[in-house]
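Oh and the sequence shown: position 219 is 393 in the working numbering, straight run, nothing missing.
Glycine included, C-beta positions come from ideal geometry on N, C-alpha and C.
Keep in mind the model is a prediction, meaning the values are calculated, not measured.
First up is the structure itself, then whatever we jot down about it.
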Amino acid sequence: MSGVWDMFRVTVFGSDNSASRTGAKAFDPTRDIPSLKGKTILITGAAGDLGRQTTIDLIRYGKPEAVYIADLPRSEDEKQAVLDEIRHEAYGDRQFQSVDTAEGDETHVRYLDLDLGSFESIRNCTRQFLDDNARLDVLICNAGIIRMTPGRTADGYEVHFGINYLGHALLVRLLVPLLLETAEREPEAEADVRVVIVSSEGHVFASEGGVEFDVVKTDGASMSYSARYGRSKVALIGLMKNLSLQYPQIKTVAIHPGRILTGMARSLQKESLLAWLTKPIAPFFCVPVATGIRNHLWAATSPDVVSGTYYEPVGVPGTLSAVAKDEAFHKRLREWTDEALKGVDVPLTDRA
């Protein structure tokens, strides 16, 4: 099946976000998000549409102790604007002295600089988080890109693979010790530490082998942008599968958000002829961001989550491509990642 047909099929006929789907959960954040009192959450890409709205709803309905927004570095004024918007949406017109100071049931909200295309930035972000926190209950790996222009990360990897997959793989490795410590602190029956990895049904765009490891350290110009994107998303499913086996103490799942008109999708319409041609019909097949983040929220909070599962909206075990289900691929991915991250994935508690 051609990459163009795959993209058209996913765009128009892929999984939707409606609770009317057979087996879908009628998830209502106002009713179904449990208390998150005392919990600490870290979300990558939380200055963007999906991450920001996920943050707002978790704060508004779950009231966690703290939420850390990890996103690209920006000016202090721009960071403050993001934090102010989240505070206003979560609390309405209630006024507080600072978004960093919790009063009563207010959640601490902090901004962390994070460039997933830079190992140095990932380590600095993680170090800052660890300096501030003695626990981490939920890690949501939400950030991601899709673009047509080939390119490389600061460390030389194709940008989709380097940012969407490898950057998150390093971040998770650096935070696993704290995730495990948090799980061990709780009574076994109450332990509920999670990693939510945002993949996509676009993982079907990957080649039959999943990832061509001999070309990931190029700009990927020889491949279509859908193939570059697809291999990063199938790698994220492999990351989820490997983590769920390595760390059964942590509930690790991957999700497809559904078809949502985010800023990233609108940006792609400027680059992709297919995305531009389907723009007039997109509203008929897409949902607002506030609806589209329900699978994020469900995966981060629902008691029905089963570790090691890929979910489509909302809370429905999704259809995986053959390579995404292939344990041999998961093993190759883990071994390649071990080698690629050797030295930079040393826990920060053991290495300055």
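Look at the alpha carbon of residue i and the alpha carbon of residue j, and state the distance between them as a whole number of angstroms.
i           : j           : result
residue 297 : residue 289 : 10 Å
residue 513 : residue 265 : 45 Å
residue 370 : residue 248 : 25 Å
residue 356 : residue 396 : 44 Å
residue 256 : residue 234 : 16 Å
residue 259 : residue 382 : 43 Å
residue 498 : residue 422 : 20 Å
residue 353 : residue 291 : 23 Å
residue 401 : residue 409 : 12 Å
residue 368 : residue 246 : 23 Å
residue 403 : residue 251 : 32 Å
residue 611 : residue 362 : Because the chain spans 175 through 526 in this model, residue 611 falls outside it and cannot be assessed.
residue 241 : residue 509 : 32 Å
residue 331 : residue 239 : 36 Å
residue 444 : residue 501 : Note that residue 444 scores 47 on pLDDT, short of 50, meaning its location in the model is unreliable and no value can be drawn from it.
residue 485 : residue 411 : 11 Å
residue 523 : residue 302 : 12 Å
residue 420 : residue 482 : 11 Å
residue 505 : residue 384 : 12 Å
residue 476 : residue 366 : 10 Å
residue 390 : residue 380 : 13 Å
residue 350 : residue 462 : 33 Å
residue 399 : residue 321 : 7 Å
residue 364 : residue 394 : 45 Å
residue 432 : residue 466 : 6 Å
residue 200 : residue 515 : 40 Å
residue 319 : residue 503 : 23 Å
residue 283 : residue 225 : 13 Å
residue 337 : residue 229 : 21 Å
Helix or strand or just coil, what does DSSP make of residue i?
i           : result
residue 240 : strand
residue 446 : Confidence in residue 446 is poor, its pLDDT being 46 and thus under 50, which makes the residue's placement unreliable; the coordinate value appears in the next sentence. Coil, per DSSP.
residue 486 : strand
residue 428 : strand
residue 203 : helix
residue 501 : helix
residue 313 : strand
residue 349 : helix
residue 372 : strand
residue 467 : coil
residue 408 : helix
residue 301 : helix
residue 337 : helix
residue 190 : Because the pLDDT at residue 190 is just 46, under 50, the model does not fix this residue reliably, and the point stays unresolved.
residue 517 : coil
residue 230 : helix
residue 216 : strand
residue 256 : helix
Among the options, whose alpha-carbon lies nearest the alpha-carbon of residue i?
i           : options            : result
residue 392 : 409, 226, 400, 335 : 335
residue 262 : 240, 286, 231      : 231
residue 521 : 344, 365, 377, 333 : 344
residue 213 : 281, 224, 254      : 281
residue 308 : 227, 317, 215      : 215
residue 473 : 490, 413, 510      : 490
residue 430 : 493, 253, 331      : 493
residue 202 : 379, 464, 495      : 464
residue 254 : 237, 285, 229, 432 : 285
residue 478 : 507, 427, 407      : 427
residue 300 : 346, 312, 283      : 346
residue 317 : 515, 374, 399, 389 : 374
residue 279 : 287, 414, 236, 312 : 236
residue 304 : 337, 339, 348, 327 : 348
Counting C-beta neighbours from all protein chains within 10 Å, is the total for residue i 16 or more, i.e. buried, or is it exposed?
i           : result
residue 468 : buried
residue 323 : exposed
residue 519 : buried
residue 359 : exposed
residue 405 : buried
residue 517 : exposed
residue 227 : buried
residue 488 : buried
residue 211 : exposed
residue 480 : exposed
residue 418 : buried
residue 221 : buried
residue 223 : buried
residue 204 : exposed
residue 311 : buried
How close, in whole Å, do the beta carbons of residue i and residue j come, if the pair is a contact with beta carbons under 8 Å?
i           : j           : result
residue 293 : residue 329 : 5 Å
residue 471 : residue 207 : 6 Å
residue 314 : residue 424 : Residue 314 to residue 424, Cβ: 13 Å. No contact.
residue 325 : residue 333 : 4 Å
residue 378 : residue 295 : No, residue 378 and residue 295 are not in contact; Cβ-Cβ is about 31 Å, not under 8 Å.
residue 415 : residue 376 : Contact doesn't hold; Cβ gap of about 18 Å is too wide.
Would you check whether the ligand FAD has a heavy atom nearer than 6 Å to the C-beta of residue i?
i           : result
residue 300 : As presented, the structure is devoid of all ligands, the ligand FAD included, so that no description of it is given.
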